[in-house]
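Okay, so here's the structure we're looking at.
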């Protein structure tokens, strides 16, 4: 996850973009209820194409508990971002006396929500996606070395009022560490202040490539311009933001 200082191409204004989720709390909640769902589906004799597709009915007590706990994780994630934002804004205020903070945009990602679709209430699951209702402002990050976008949703019913959560990966984490070089990644980050490349996690059985974690390098992600073009029927770009400095968590 990241904290990124950016400059808008339209007027030169500074933007602060940060990203974090519910981290281990959300993972534990999902893991626990996934086991509950698998057990329930076995008792129901449900023939699933994959155990990963186990589900909990919302008229079931466990399903209701999961929906409640998932929303608790969303609030936890939002509070996490708010605290990161306060700390970062305080730092910027000390460095840039007189700075004023204007609009604030926040969106959830990777969650399920009750929504109206085709005249009926349904549960919309968004994985790697965020809401893009008509007139709703959203965020589509590129990578730590490329542009990101502030967008406005078009409310396309064919996408269930959704758009992408970001540019999306071109290379998996391990593949990026294996095929990318530090020199190439540094060239891709030219002109952007960034935190040092970290060593790969010790949990890996052996080092991959250089031994540094290059999984978040710009080359690991799809071209943001192509992504925006592909979803031109889902969102309207409002601001193109170029990275100035980025810290990866």
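Residue numbers (the working numbering): 767 to 1015.
We put the CB at the ideal spot given by N, CA and C, even for glycine.
As the structure is a prediction and not an experimental result, all values here were calculated from the model.
Item: Is DSSP giving residue 772 helix, strand or coil here?; Value: strand
Item: Between 767, 768, 773 and 769, which has its C-alpha nearest residue 1006's C-alpha?; Value: 773
Item: Quick check: residue 986 and residue 936, are their CB atoms within less than 8 angstroms of each other?; Value: yes
Item: Over what stretch of residues does the beta strand (DSSP E) that includes residue 914 continue unbroken?; Value: 914-919
Item: Thinking just about the alpha-carbon of each residue, which of 796, 920 and 993 is nearest to the one in residue 933?; Value: 993
Item: Rounded to whole angstroms, what's the CA-CA distance from residue 832 to residue 878? Just pull it up for me.; Value: 11 angstroms
Item: So the alpha helix (DSSP H) residue 806 belongs to, where does it begin and stop?; Value: 789-809
Item: When the Cβ atoms of the region 787-798 are set against those of the region 843-859, are three or more pairs found closer than 8 angstroms?; Value: yes
Item: Is there contact here, the region 821-839 with the region 801-809, by at least three beta-carbon pairs under 8 angstroms?; Value: yes
Item: Would a C-beta distance cut-off of 8 angstroms place residue 976 and residue 1012 closer than the cut-off?; Value: no
Item: According to DSSP, simplified to helix, strand and coil, what is residue 990?; Value: helix
Item: List the DSSP bridge partners of residue 1017.; Value: There is simply no residue 1017 to check, as the chain begins at 767 and stops at 1015 in what is shown.
Item: Rounding to the nearest angstrom, what Cα-Cα distance links residue 780 and residue 816 in this structure?; Value: 46 angstroms
Item: If you scan the region 811-861 from start to end, which runs of the alpha helix (DSSP H) of 4 or more residues do you find wholly inside it?; Value: 827-861
Item: Going by DSSP in three states, residue 995 sits in which element: helix, strand or coil?; Value: helix
Item: With which residues is residue 980 paired in a DSSP beta bridge?; Value: Partner(s): none; residue 980 has no beta bridge.
Item: Which residue or residues does DSSP assign as beta-bridge partners of residue 886?; Value: 883
Item: Going by DSSP, what residue range makes up the beta strand (DSSP E) through residue 903?; Value: 903-906
Item: Measure the alpha-carbon distance for residue 927 versus residue 886 and round it to whole angstroms.; Value: 15 angstroms
Item: Determine the contact status of residue 873 and residue 904, defining contact as a CB-CB distance below 8 angstroms.; Value: yes
Item: Could you tell me which of 876, 938, 955 and 915 sits nearest to residue 837, measuring between CA atoms?; Value: 876
Item: Name the two residues that bound the continuous beta strand (DSSP E) containing residue 868.; Value: Counting along the chain, residue 868 falls outside any beta strand (DSSP E), and DSSP gives it neither H nor E.
Item: Please name the residue, chosen from 917, 892 and 951, that lies closest to residue 910 on a Cα-to-Cα basis.; Value: 951
Item: Kindly indicate which residue of 922, 1002 and 1014 has the alpha-carbon position closest to the one of residue 958.; Value: 1014
Item: Give the C-beta separation of residue 955 and residue 984 to the nearest angstrom, bearing in mind that I take them to be a contact with Cβ-Cβ under 8 angstroms.; Value: 7 angstroms
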